[in-house]
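**Q** The structure under discussion is supplied below as structure tokens; questions concerning it will follow.
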Amino acid sequence: MQEENAAGRRRPFRVQRGGVAPDIPMVVLINSGSASSSEILAGAIQDHERGTLIGETTFGTGTVLQTYTLEDGSALLLGTSQWLTAGGRLIRKQGITPDIEVSLGPDGELLTPSLVDELTGAELVESGDAQLLTALDELGALEALTDTVQATQQQ
Numbered sequence: 085m086q087e088e089n090a091a092g093r094r095r096p097f098r099v100q101r102g103g104v105a106p107d108i109p110m111v112v113l114i115n116s117g118s119a120s121s122s123e124i125l126a127g128a129i130q131d132h133e134r135g136t137l138i139g140e141t142t143f144g145t146g147t148v149l150q151t152y153t154l155e156d157g158s159a160l161l162l163g164t165s166q167w168l169t170a171g172g173r174l175i176r177k178q179g180i181t182p183d184i185e186v187s188l189g190p191d192g193e194l195l196t197p198s199l200v201d202e203l204t205g206a207e208l209v210e211s212g213d214a215q216l217l218t219a220l221d222e223l224g225a226l227e228a229l230t231d232t233v234q235a236t237q238q239q
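Residue 85 is where the sequence shown starts when you use this note's numbering, and the numbers rise one by one after that.
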């Protein structure tokens with residue numbers, strides 16, 4: 085990622101290549117509620133072609149805030165610069181656009197991680213969470229899950 089100050093000077097932040105599991109397929113779900121550091125992460129994954137972003141365009145925060153403590157103990161947060169992706173794309177007011185756009189729609193139900201843990205395979209397939217089902221399909225897991233559910237129901 086990069087930080088750009090008011091004068092337009094950019095400062096890159098670099099990470100070391102490698103990691104724990106660099107070859108494992110990865111998808112990341114994003115939506116309009118994804119903001120700030122999650123946008124930086126999503127942008128890095130996209131710029132480095134490390135995974136696939138699925139969902140809706142993120143919020144578009146991208147502002148670096150500095151905290152100034154005032155005499156009365158309160159604090160003033162002041163935007164002093166903005167974040168850009170590693171490839172130099174502006175996040176502020178634009179957000180990160182997914183590689184595969186999938187809307188939940190007005191009646192779509194967003195499954196939370198704690199809820200997913202409690203679902204059976206059949207309930208997950210029938211959940212209607214289009215973003216999660218697209219992510220599973222992108223990873224090649226949806227067909228296997230569906231086959232397992234059908235085999236279990238036939239027993």
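Every residue, glycine too, gets a C-beta built ideally from N, C-alpha and C.
Because the structure is a prediction, the values reported are computed rather than measured.
Looking at the unbroken beta strand (DSSP E) that takes in residue 59, where does it start and where does it end?
**A** Given a span of 85 to 239 for the chain in the structure shown, any question on residue 59 remains unanswerable.
**Q** Determine the contact status of residue 192 and residue 213, defining contact as a CB-CB distance below 8 Å.
**A** yes
**Q** Excluding the five sequence neighbours on either side, which residues of its own chain have a C-beta within less than 7 Å of the C-beta of residue 78, listed in chain order?
**A** For residue 78 there is no data in the structure shown, the boundaries of the chain being 85 and 239.
**Q** Mind pulling the beta strand (DSSP E) runs of 3 or more residues that sit fully within the segment 96-148?
**A** 111-114, 136-139
**Q** Hey, out of 215, 206, 86, whose CA is closest to residue 229's CA?
**A** 206
**Q** Of the choices 91, 85, 113, whose alpha-carbon is the least far from that of residue 196?
**A** Ranking 91, 85, 113 by CA distance to the CA of residue 196 puts 113 first.
**Q** Less than 8 Å separating the beta-carbons of residue 223 and residue 217?
**A** no
**Q** Straight-line CA distance for residue 160 to residue 118?
**A** Spanning the two alpha carbons is a distance of roughly 24 Å.
**Q** Expressed to the nearest angstrom, what Euclidean distance is found between the alpha-carbon atoms of residue 150 and residue 163?
**A** 6 Å
**Q** Can the beta-carbon of residue 141 be found closer than 8 Å to that of residue 180?
**A** With respect to the 8 Å criterion, residue 141 and residue 180 are classified as neighbours on the basis of their beta carbons.
**Q** What residue from 90, 125, 145 has the CA that sits closest to residue 176's CA?
**A** 145
**Q** Do residue 139 and residue 104 have their C-beta atoms within less than 8 Å of each other?
**A** no
**Q** Measuring only the C-alpha atoms, how far is residue 128 from residue 210?
**A** Approximately 32 Å between the Cα atoms of the pair.
**Q** Rounded to a whole number of angstroms, what is the C-alpha to C-alpha distance between residue 170 and residue 115?
**A** 20 Å
**Q** Beta-carbon within less than 7 Å of residue 132's beta-carbon, same chain only, minus the 5 sequence neighbours each way: which residues are those?
**A** 170
**Q** Have a look at residue 98 and residue 92 and give me their C-alpha separation to the nearest angstrom.
**A** 19 Å
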